[in-house]
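Undergrad:
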Amino acid sequence: MKIKLFSIIILVLLLLPSCQPMNTATTSIEIKTPTPASKHALVLEKVTETKNGYILLGRFYSIEFPDGFTASGDANNTIITDANGQNISWAFPKDTLSLTGETGNFPWAYEIEGKEHAWPLTITFNSVRADVTDTQAEFDFDTGPNPQGGQKWTVDEDIAINGYSVHVDNIRLYKGMGYIVKFAYNPDIAEVELEIVNAENPGSTFIGGSSSWEVVEGIHSGISYNLQYEGEVPSGKMKIRFNKLWVNIKGKWQLQWQPDAVP
């Protein structure tokens, strides 16, 4: 493997798709210290030259995010283009070293094939997943004195969570599982978590929650959130609380890169 020095050009533009990994084994080598992360959200930290191309590794920081919003990982609609604006195909590296994030930042890694591109290449993040700190919102729910398996309650209520809205459609009880809460929200929301609090009859141990959904015309509709319990479920008067919220922050974060010795 031949190591070359690379230069990094950062574009100060503030405003990540899933691919299959390439079958290219390599060792990650730090080439050059990047521009200080405190000045830019999208930072390139390492470059590895492989037999067939390059692996770019970096980090995204919550620079100029709204108060209470921190980048938590996952970039949507990541695009890599050449100097002519043509899209460059990329994949997640197969043998990337273990990358870890911290509060307010997350790592990223992309592998590109080929060394004869129209340089420089531009990496663009159009949307980033963020954790919202002030998220608690709740609504009242009453099962009555003797809820039965399969019973369904219509809620039809809009719940405001820190400026975002979730429409709760209905709740159904499944014996041996727990409650299924069905709701919908637009693509600005990435995910939510629910819990039951202050139940008149608390029931048994709460196992956890899980969700599944489908997207219809750009709306996350038909989302089902399963509140699972070991045995007896809570009943009577209670509150169902939204205790976690992740959203998609839209923007246009970019950086440019090219090798010093252009092939």
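Quick note, my numbering runs 14 ahead of the 1-based positions in the sequence shown. Note that beta-carbon positions come from the ideal geometry of N, C-alpha and C, so glycine has one too.
1) Below 8 Å between beta carbons: does that hold for Leu-58 and Leu-70?
2) Pull the bridge partners of Asn-184 from the DSSP assignment, please.
3) For the candidate residues Gly-192, Phe-197 and Lys-253, whose alpha-carbon lies nearest to that of Glu-244?
4) Where does the unbroken beta strand (DSSP E) through Ala-85 begin, and where does it stop?
5) Going by DSSP, what residue range makes up the beta strand (DSSP E) through Pro-121?
6) Give me, in chain order, the residues of the same chain whose beta-carbon lies closer than 8 Å to that of Asn-257; leave out the 5 immediate sequence neighbours on both sides.
7) My understanding is that Phe-83 touches Ile-203, with C-beta atoms under 8 Å, so please give their C-beta distance in whole angstroms.
8) By Cβ distance, which residues of its chain are closer than 6 Å to Ile-93, with the 5 residues on each side in sequence left out?
9) Name the two residues that bound the continuous beta strand (DSSP E) containing Asn-257.
10) Taking its Cβ as the centre, do 16 or more other Cβ atoms sit within 10 Å of Glu-125, making it buried, or is it exposed?
11) Quick one: using the 10 Å Cβ neighbour count with 16 as the cut-off for buried, is Ala-6 buried or exposed?
12) How would you label Thr-117, buried or exposed, when you count the other beta carbons within 10 angstroms and need 16 or more for buried?
13) Ala-198 and Pro-248 - do their beta-carbons sit closer together than 8 Å?
14) Between the Cα of Arg-186 and the Cα atoms of Val-169, Lys-266 and Val-211, which residue gives the shortest distance?
15) Hey, out of Asp-154, Lys-266, Glu-205 and Asn-200, whose CA is closest to Arg-251's CA?
16) Could you have a look at Lys-60 and say whether DSSP puts it in helix, strand or coil?
17) Below 8 Å on the Cβ atoms is my contact criterion, and I expect Asn-119 with Ala-85 to pass it. Report the Cβ-Cβ distance as a whole number of Å.
TA: So, from the data block:
1) yes
2) Thr-168 and Lys-196
3) Gly-192
4) 83–90
5) 119–127
6) Thr-149, Gln-150, Glu-207, Leu-208 and Glu-209
7) Contact flag wrong, Cβ pair sits at about 13 Å.
8) Thr-138
9) 251–273
10) buried
11) Because the chain is modelled from 15 through 277, residue 6 falls outside the range shown and cannot be assessed.
12) exposed
13) no
14) Val-169
15) The residue you asked about is not Arg; residue 251 is Lys in the sequence shown. Nearest option by C-alpha distance: Asp-154.
16) strand
17) 6 Å
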